[in-house]
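Colleague: Residue numbers (the numbering used here): 7 to 134.
For every residue, glycine included, the Cβ atom is placed at its ideal position computed from N, Cα and C.
Note that the structure is predicted; figures quoted are calculated from it, not measured.
1) Is it right to say residue 77 is buried, meaning 16 or more other beta carbons lie within 10 angstroms of its own, or is it exposed?
2) Are the beta-carbon atoms belonging to residue 52 and residue 70 less than 9 angstroms from one another?
3) May I have the straight-line CA-CA distance separating residue 92 from residue 23, to the nearest angstrom?
4) Spatial neighbours of residue 56 within its chain, please: CB distance less than 8 angstroms, with the 5 preceding and 5 following residues excluded, ordered by chain position.
5) My output table needs one value for residue 15: the three-state DSSP class, helix, strand or coil.
6) Could you compute how far the alpha carbon of residue 117 sits from the alpha carbon of residue 111?
7) Under a Cβ-count criterion, where at least 16 other Cβ atoms within 10 Å of its own Cβ denotes burial, should residue 84 be classed as buried or exposed?
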């Protein structure tokens, strides 16, 4: 009935970022399909919350940071920072691999999103 029974928790969804390092296209596509399914379930649940059909709107707004899939970026950045493949921040090849990993999870978040805001990303990560 609730969201925990339908998809992965946000901190585990952050692990999808490591799928960006996968070299086999079939596996990478399969990982992306699972991620899109989890993102879609979270968005549908968030829509139900904000419409007031599940609980009050005030309570729903308090729960959104724990529900919206955009917050999986918060968990994926530390995973990449501590990845054993990332040893030198001056190495262009490693940085481009990290960029492709981030793009792997951001692409589904940016497409077909009613809630995504670039200001969310700027405010929480780039301005600090």
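Modeller: With the given structure in hand:
1) Buried is the call here.
2) Yes, the Cβ-Cβ distance between residue 52 and residue 70 is below 9 angstroms.
3) So the two alpha carbons sit approximately 13 angstroms from each other.
4) Answer for residue 56: 63, 66, 67, 70, listed in chain order.
5) DSSP places residue 15 outside both helix and strand once states are collapsed to three, so it counts as coil.
6) Looking at the two C-alpha atoms, the distance is approximately 11 angstroms.
7) Exposed.
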